[in-house]
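Counting from 7, one number per residue, gives the positions in the sequence shown under this note's numbering.
C-beta atoms are modelled at their ideal positions from N, C-alpha and C, and glycine is treated no differently.
Written below as structure tokens is the structure these notes are about.
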Amino acid sequence: MTVVTVGVHIVDILARPVDHIPQGQDTVLVDQIRLTAAGAAAGTAVDLVKLGNDVVTMGAIGDDELGDFLLMILAKRGVDTSRLVRRTGEQTAASILPIRPDGGRPSFHVPGANLSVTYADLDPDLLRTARGIHLGGMDVTFGLGDPAFFALLDEARSSGAIVTMDLLSELPDLLGMARAFLPHVDYVLPNESQALLMTGADDAGTAARTLLADGPRGVVVTLGAAGSMLVTAAGTEHVPALKTDVSDTTGCGDAYCAGFLTALLHDEDAPAAARWGTAAAARVATGLGSDAGLTDLPATLSLLA
């Protein structure tokens with residue numbers, strides 16, 4: 007079953023533990039530094055492969071060395087990158103993340119070629135035949151807010167594809183524009199802050215119900231250590247987080263999306279999918295970077311036993 011991820015591709019440069027930025031040209035020794043494929047499309051693609059899916063990813067990267075690295079690491083992880091577009095003269099999106107001892111992750115980020123993605127960069131024929139489509143970061147790839155893309159998503163869904171959507175920013179204007187996608191997706195998975203900013207609501211439950219009224223089949227609001235909230239026409243269900251030794255929270259949302267969509271592709275219902283997503287996120291939280299700790303589907307589901 008082919009799954010296609012569409013949207014944001016980032017190179018993450020991570021270091022841990024970092025409890026302060028040194029003054030002047032001082033040096034601080036850390037335990038670990040990693041470079042990873044990240045972003046709401048690329049990071050989720052890697053996790054989807056680890057969970058047993060065949061994955062093609064679509065979006066735009068630069069023609070620089072960071073782009074070379076991103077193609078290499080995605081291919082090494084088993085992601086089909088043949089539909090990634092390279093932009094001449096543009097930078098590949100990248101983030102520097104000094105990970106705090108408690109797993110927190112402030113960041114320095116350059117959005118790069120992600121901002122230039124449009125419908126013309128996609129492969130409509132492949133999207134029409136996909137079993138699952140994950141839209142990663144539609145709030146920053148705003149060039150995809152195109153009626154032609156919405157029509158394509160509707161066509162894919164009518165043919166049986168499951169469409170999920172995650173977000174990247176915490177900018178109210180961009181998140182508000184991303185609501186235009188909601189009638190054309192099955193499930194949207196914002197974090198709590200994004201859900202509140204998208205809707206202007208005062209609490210996650212109200213925000214989720216507001217987003218549900220825009221047209222998706224379900225809304226999952228991830229709540230960090232408090233777990234997640236699934237809201238559908240059938241009601242609201244809280245899914246608690248799993249206890250784990252947290253090293254780094256980078257990519258937990260991407261892993262949650264990968265676990266959630268994988269469960270749906272295995273014909274599980276939405277509450278079960280939320281539990282699969284929770285398990286995948288818990289695995290990733292144990293290591294440094296967006297794919298750390300996640301190995302395969304059986305090991306992930308063992309956390310739910």
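Q.
Judging by CA-CA distance, which residue of G224, L128 and H115 is the nearest neighbour of V169?
A. Walking along the sequence shown from the start, residue 169 turns up at place 163. Closest by alpha carbon: G224.
Q.
Taking 8 Å as the cut-off, does the region 296 to 309 touch the region 244 to 262 (at least 3 CB pairs, one atom from each stretch)?
A. yes
Q: Enumerate in chain order the residues of its own chain whose CB-to-CB distance from A186 is below 7 Å, with the five nearest sequence positions on each side excluded.
A: By one-based count along the sequence shown, residue 186 stands at place 180. For A186, where only same-chain residues beyond five positions count, the Cβ hits under 7 Å are G151.
Q: Return the residue from the list V62, L121, R93 and I105 that minimises the CA-CA distance to R134.
A: Within the sequence shown, the letter at position 128 stands for residue 134. Of the candidates V62, L121, R93 and I105, the one whose C-alpha sits nearest the C-alpha of R134 is V62.
Q. For T50, which residues of its own chain have a beta-carbon under 6 Å away from its beta-carbon, when the five flanking residues on both sides are left out?
A. Within the sequence shown, numbered from 1, the residue matching residue 50 stands at position 44. The answer, listed in chain order, is T11, H140, G142, D260, C263 and A264.
**Q.** Pick from G257, R137 and D86 that is closest to D18, judged by C-alpha positions
**A.** Start at 1 with the first residue of the sequence shown, and residue 18 comes out as number 12. Residue G257 holds the alpha-carbon nearest to the alpha-carbon of D18 among G257, R137 and D86.
Q) Looking at G109 and T242, is the spacing between their C-beta atoms short of 8 Å? A) On the sequence shown, position 236 is the one that residue 242 refers to. On the sequence shown, position 103 is the one that residue 109 refers to. Not closer than 8 Å, so no.
Q) Can you tell which of G65, V194 and E176 has its C-alpha closest to the C-alpha of P130? A) On the sequence shown, position 124 is the one that residue 130 refers to. Closest by alpha carbon: G65.
Q. Curious, which full-length beta strand (DSSP E) runs of at least 3 residues does the region 8 to 55 contain?
A. Counting only runs that start and end inside the region 8 to 55, the beta strand (DSSP E) elements of at least 3 residues fall at 8 to 13, 16 to 22 and 38 to 44.
**Q.** Candidates F75, L54 and G283, of which the one nearest L41 by Cα
**A.** If you number the sequence shown from 1, residue 41 lands on position 35. Of F75, L54 and G283, the residue nearest in Cα terms is F75.
Q: Indicate whether R281 and V245 have their beta-carbon atoms separated by less than 8 Å.
A: Start at 1 with the first residue of the sequence shown, and residue 281 comes out as number 275. Start at 1 with the first residue of the sequence shown, and residue 245 comes out as number 239. Cβ atoms of R281 and V245: closer than 8 Å.
Q: Classify M144 as helix, strand or coil using the three-state DSSP reduction.
A: As a position in the sequence shown, residue 144 is number 138, starting the count at 1. In the structure shown, M144 sits in coil (DSSP, three-state: anything other than H, G, I, E or B).
Q) Looking at the unbroken beta strand (DSSP E) that takes in S101, where does it start and where does it end? A) Taking the sequence shown and counting its residues from 1, the one referred to as residue 101 is at position 95. Element bounds for S101: A100 to P104.
Q. How many whole angstroms separate the CB atoms of L271 and R83, which I take to be in contact at a CB cut-off of 8 Å?
A. Within the sequence shown, numbered from 1, the residue matching residue 271 stands at position 265. Within the sequence shown, numbered from 1, the residue matching residue 83 stands at position 77. About 19 Å separates the two Cβ atoms, so there is no contact after all.
Q | Residues that DSSP places opposite L236 in a beta bridge | A | Numbered from its first residue, the sequence shown carries residue 236 at position 230. DSSP lists V226 and E243 as partners of L236.
**Q.** Candidates P104, V116 and I79, of which the one nearest Q97 by Cα
**A.** The sequence position of residue 97 within the sequence shown is 91, counting from 1. Closest option to Q97, Cα to Cα, is V116.
Q: Pull up the CB-CB distance for A21 and I105, whole angstroms please, since I reckon it's below 8 Å.
A: Locating residue 21 in the sequence shown gives position 15, counting from the first residue. Locating residue 105 in the sequence shown gives position 99, counting from the first residue. Right, the Cβ-Cβ distance comes to about 7 Å (below 8 Å), so this counts as a contact.
(Q) Less than 8 Å between the beta carbons of A214 and A201, yes or no? (A) Here residue 214 corresponds to residue number 208 of the sequence shown, with the count starting at 1. Here residue 201 corresponds to residue number 195 of the sequence shown, with the count starting at 1. It is a contact, given that the beta carbons lie within the stated cut-off.
(Q) Just to confirm my understanding: we take P107, look at its own chain, exclude 5 residues before and 5 after, and list those with CB closer than 7 Å. What are they? (A) The residue given as residue 107 occupies position 101 in the sequence shown. Closer than 7 Å at Cβ, skipping near neighbours: P23 and D25.
Q: Take A288 as the anchor and find which of A269, E176 and S253 has the nearest alpha-carbon.
A: Here the question's residue 288 lines up with position 282 in the sequence shown. Residue nearest to A288 within the set A269, E176 and S253 is S253 (criterion: CA-CA distance).
(Q) Based on DSSP bridge pairs, tell me the residues matched to L90. (A) Walking along the sequence shown from the start, residue 90 turns up at place 84. DSSP, once it has assigned bridges, lists G65 as partnering L90.
Q | Rounded separation between L307 and A285 - CA only | A | Sequence index remark: in the sequence shown, residue 307 carries index 301 (1-based). Sequence index remark: in the sequence shown, residue 285 carries index 279 (1-based). Distance between the alpha carbons of L307 and A285: 7 Å.
Q) By Cβ distance, which residues of its chain are closer than 6 Å to E86, with the 5 residues on each side in sequence left out? A) Locating residue 86 in the sequence shown gives position 80, where the first residue counts as 1. The sequence as given places Asp at residue 86; Glu does not occur at that position. The answer, listed in chain order, is V62.
Q: Less than 8 Å between the CB atoms is what I'm expecting for L229 and M204, so what's the real figure, rounded?
A: Sequence index remark: in the sequence shown, residue 229 carries index 223 (1-based). Sequence index remark: in the sequence shown, residue 204 carries index 198 (1-based). Actually they are not in contact, since the Cβ atoms of L229 and M204 sit about 15 Å apart, beyond 8 Å.
Q) First and last residue of the beta strand (DSSP E) that includes D172? A) Counting from one through the sequence shown, the residue named residue 172 turns up at place 166. That run of the beta strand (DSSP E) goes I168 to D172.
(Q) Suppose the cutoff is 8 Å on Cβ atoms and the five residues either side in sequence are ignored; what does the same chain contact list for L57 look like? (A) The residue given as residue 57 occupies position 51 in the sequence shown. Excluding positions up to five away in sequence, the list reads A264, G265, T268, A286, L300, D302, L303 and T306.
Q. For Y193, which option in A210, A207 and G221 has the closest C-alpha, if you only look at C-alpha atoms?
A. For the purposes of this step, residue 193 is taken as the residue at position 187 of the sequence shown. The shortest Cα separation from Y193 among A210, A207 and G221 belongs to G221.
Q | Proximity winner among A126, S175 and P28, relative to V14 (alpha-carbon distances) | A | In the sequence shown, the residue the question calls residue 14 occupies position 8. Answer by Cα proximity: S175.
Q: Identify which residue in H190, S199 and G293 has its Cα closest to the Cα of F312.
A: This structure cannot speak to residue 312, because the chain is shown only from 7 to 311.
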